[in-house]
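Chains as they are written, first to last, in this note's numbering: chain A, 631 to 1076; chain B, 631 to 1076.
Take a look at the structure below.
Number of protein chains: 2
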Amino acid sequence: MAGRPASLSGFPEWLPAERIVELSFLDTIRRTFELNGFASLETRSVEPLDQLLRKGEIDNEVYVLRRLHAGADDADAGLGLHFDLTVPFARYVLENAGHLQFPFRRYQMQRAWRGERPQEGRYREFVQADVDVVDRAELAGHYEVEIPLVVGAAMRALPIPEPVISVNNRKLAEGFFLGVGAADPAQVLRAVDKLAKIGPDAVTALLVTEAGLSAVAAKTCLALAGIASFDTSFADDVVALGVSHPMLDEGLAELVHVVERAGEAAPGLVMADLRIARGLDYYTGTVYETVLTGYEGLGSVCSGGRYDSLASDGTVRYPGVGMSIGVSRILGVVLGRDLVRASRSVPSCVLVAVADEDGRADSERVAAALRARGIPCEVAPAAAKYGRQIRHADRRGIPFVWFTADSTVKDIRSGEQVHADPAHWDPPEPDRWPTIAPTRPEESRP
Amino acid sequence: MAGRPASLSGFPEWLPAERIVELSFLDTIRRTFELNGFASLETRSVEPLDQLLRKGEIDNEVYVLRRLHAGADDADAGLGLHFDLTVPFARYVLENAGHLQFPFRRYQMQRAWRGERPQEGRYREFVQADVDVVDRAELAGHYEVEIPLVVGAAMRALPIPEPVISVNNRKLAEGFFLGVGAADPAQVLRAVDKLAKIGPDAVTALLVTEAGLSAVAAKTCLALAGIASFDTSFADDVVALGVSHPMLDEGLAELVHVVERAGEAAPGLVMADLRIARGLDYYTGTVYETVLTGYEGLGSVCSGGRYDSLASDGTVRYPGVGMSIGVSRILGVVLGRDLVRASRSVPSCVLVAVADEDGRADSERVAAALRARGIPCEVAPAAAKYGRQIRHADRRGIPFVWFTADSTVKDIRSGEQVHADPAHWDPPEPDRWPTIAPTRPEESRP
């Protein structure tokens, strides 16, 4: 390979120290999901195009595959890369239903691809961490409480700004819009969804001209979109608007349940926010969006909701509820704005120096003894002057250098050098593996 | 999504209990690499086609991407999915050379794609675990010893049949072939590479007719291919063949060094095997192949070698040495033949039962207390009869059921039920997380 290649816009890659931050994020999310009893799953990266194109709105973003020299027998014709982890998960559930135990709790951390115009937080290749519960025929409502709590626990375990999960309910919104006399609630949803972009006056105009609402009804819908609370007081505000519909009542009761129980378990995490419209057209119950406090402009870093038919084989339907953490979107901000850093760029806690090349085997024996005790280390590349070997460690952030000649280990930060036996010496626990920390601790939790 | 979809040949997916085995394998490999001071890296999944097609031999296996509704401005035209992790790594090194510390030790566990005809151990989408050291200008020879030792340590930490890493050396083979008078050593290599497939007589014929060797020289080359040993005695066998060439001497010295040092550090792992020809045409020094004892028919599960120019920007070249563990190939055998099983299909160690739906919050508090102490658990989906809740746990292999009503926890395997406080109770350590174990322990190591 010759010549200096350029990076590809929308296909992010990290440097080694940044990758340590990403890996730590993924490890933390995984641990939280597993502590909550969600099983890991990965699906293949490709799906048949007809599966991928069911959600018509994004068909122009799908990457289609072909083999470079495909013949007429091309078995891979009609395959595309998945653009999320929900479509493959639904397909996996149908394909393996006979081998799965329901309710099925799974998490999935994988890459997905969309041919979108790249910008901060939007990539063509990105990593998502999805967590879902899917059941056969019926899905209990308490999972609509559990999912945002699990995701909130994972987010709060990361050194990032405080997450706020906004929830709304499809039935509440649709019932409300029917209650004010809308003929097509989906049109009202689409208009209200533009609130942040075009403002209340333009939305009111749309509600009248396109959704056919009266001026009063339009005003009432806008008033609904202004209701939000961390406690269940939002329900009184909704009732005060004087709209009545059985579907509204059902949705309101569900949303009260979610906000009440989540508020008990994790105060300050989950907020009812009746402005949330995105996703209401394909979810059937609770919907979720998440912003990071102080970084609201980034948009939702974690979204999801309840599907009454996540999958169906024609006779049995599989309702599900889940959320998807936009790992790449969060990392794009966290690393792009230097909010979190790793303590070093390599796993090694110790560099074992080499006095002369004939003694390399001695250094390797020390390294093997340290590794056997769970201490990551590497042996110096060459028997250079010690000063140069120490610089080798320093440039990578390796805190300790081991000298076999006199059996000493030096903390190169403090300069302290002590006699040590590789069968017994331990580094301070925070030094054993690389750690990550926020650069602006006042903005972030743990 | 409706209708029962079929799985795609060559795109493997695992069931939850199988995924636990895969995850455990990946965790073990990662830990070994990190204990040895290799930094994690991931690269994007796509590369420009001109980068991917430099190794002409496999161009028909590349998957090319296009956006479904791409216009004339398609910025993604000319991108393909990587077919290995070496091409992207070489590109990454060039692109980021100014930000990396050399020698650069990295591992990379990712998916790759090839449009190959699927068969056991050969997939169209697969996971590889690569480990490489790359340096600027010069790369020390001791890394040719270290790489197979690190890979061997990772493989030996897995519950799989004993690995044997066969090594050969490009200079040894090329020098030897030049020494017997071959005009084009690459032609000799290609003929010898067919030994296993077409047998010695046919190879001899090829060496005479296509590589232009004398009958005596052809016989000598076949004799070389018959030499193998776990110690350095292979060198005497080579010398006894009476062939002389400076490049042969250099390669022989390098191979002796690798076999000698590896034999001291990890007896029985690394074998000189002068039959190994695959890869000799693009590697420049040591080459590696690995078989699992008793599963030799599967072919190499782990290959690699030394490149004197892994990458080059025209002025600086970056020599490297590395190996790639075929994780999917190994798992295909291990799971396909049921050689390893997980202790359960979910992370949960405890199912917290629910006495009645009004008491669900009590069960959730117990679960939260257990999780805070690192015990994975889930709460029962419904306040069904206890027998049914116990069956829920049993079907997933969850060993313990917790009853909040009388504060007891039951080991559903033994039936033993004891009073317990979620702030103090601990499961036996082997039960805390799922574990994996070989089904035929006599065949495997640890």
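Quick reminder that beta carbons are idealized off the backbone N, C-alpha and C, glycines included.
Inter-residue CB distance, residue i and residue j (contact presumed, cutoff 8 angstroms)
i	j	result
residue 963 of chain A	residue 969 of chain A	7 angstroms
residue 934 of chain A	residue 777 of chain A	7 angstroms
residue 676 of chain B	residue 710 of chain B	7 angstroms
residue 742 of chain A	residue 712 of chain A	6 angstroms
residue 774 of chain A	residue 915 of chain A	6 angstroms
residue 959 of chain A	residue 823 of chain A	That belief does not hold up - the Cβ atoms of residue 959 of chain A and residue 823 of chain A are roughly 20 angstroms apart, past 8 angstroms.
Partners in chain B for residue i, counting only beta-carbon separations shorter than 7 angstroms
i	result
residue 873 of chain A	Result: empty, since nearest Cβ-Cβ is about 30 angstroms, beyond 7 angstroms.
residue 1012 of chain A	770
residue 664 of chain A	977 and 1006
residue 741 of chain A	675
Within chain A, partners of residue i - CB distance below 8 angstroms
i	result
residue 1016 of chain B	Near residue 1016 of chain B there are no residues of chain A at all, since even the closest Cβ is about 18 angstroms away, more than 8 angstroms.
residue 1058 of chain B	In chain order: nothing, as chain A lies at least about 18 angstroms away.
residue 722 of chain B	643
residue 676 of chain B	638, 641 and 755
residue 990 of chain B	772
residue 735 of chain B	976 and 1008
C-beta neighbour in chain B for residue i, strict 7 angstroms
i	result
residue 851 of chain A	no
residue 712 of chain A	no
residue 858 of chain A	no
residue 641 of chain A	yes
residue 770 of chain A	yes
residue 731 of chain A	yes
residue 692 of chain A	yes
residue 804 of chain A	no
residue 646 of chain A	yes
residue 971 of chain A	no
residue 1001 of chain A	yes
residue 649 of chain A	yes
Contact set between residue i and chain D, taken where Cβ atoms lie within less than 9 angstroms
i	result
residue 655 of chain B	This model lacks chain D altogether; the protein chains it does include are A and B.
Chain A residues whose Cβ lies nearer than 7 angstroms to that of residue i
i	result
residue 667 of chain B	976, 977, 978, 1006, 1007 and 1008
residue 1030 of chain B	Here the premise fails: no neighbours, minimum Cβ distance about 12 angstroms.
Where residue i falls, given that 16 or more other Cβ within 10 Å makes a residue buried
i	result
residue 716 of chain B	buried
residue 827 of chain A	exposed
residue 737 of chain A	buried
residue 861 of chain B	exposed
residue 740 of chain A	buried
residue 980 of chain A	buried
residue 749 of chain A	exposed
residue 1015 of chain B	exposed
residue 801 of chain A	buried
residue 881 of chain A	buried
residue 755 of chain B	buried
residue 725 of chain B	buried
residue 957 of chain B	buried
residue 830 of chain A	exposed
residue 894 of chain A	exposed
Contacts that residue i makes with chain B (C-beta to C-beta distance below 9 angstroms)
i	result
residue 798 of chain A	Result: empty, since nearest Cβ-Cβ is about 23 angstroms, beyond 9 angstroms.
residue 912 of chain A	The contacting residues do not exist; residue 912 of chain A stays about 12 angstroms from chain B at best.
residue 895 of chain A	991, 994, 995 and 998
Run of the beta strand (DSSP E) containing residue i, from where it starts to where it stops
i	result
residue 798 of chain B	793-799
residue 1047 of chain A	1047-1049
residue 731 of chain A	Residue 731 of chain A -> no beta strand (DSSP E), and no H or E assigned at all.
7 angstroms Cβ cutoff, residue i in contact with chain A
i	result
residue 758 of chain B	no
residue 1062 of chain B	no
residue 752 of chain B	no
residue 862 of chain B	no
residue 671 of chain B	yes
residue 789 of chain B	no
residue 905 of chain B	no
residue 1025 of chain B	yes
residue 1068 of chain B	no
Range of the contiguous alpha helix (DSSP H) that encloses residue i
i	result
residue 878 of chain B	876-895
residue 992 of chain A	990-1002
residue 716 of chain B	716-726
residue 681 of chain B	679-682
residue 973 of chain B	Premise fails: residue 973 of chain B is in no alpha helix (DSSP H) and is neither H nor E.
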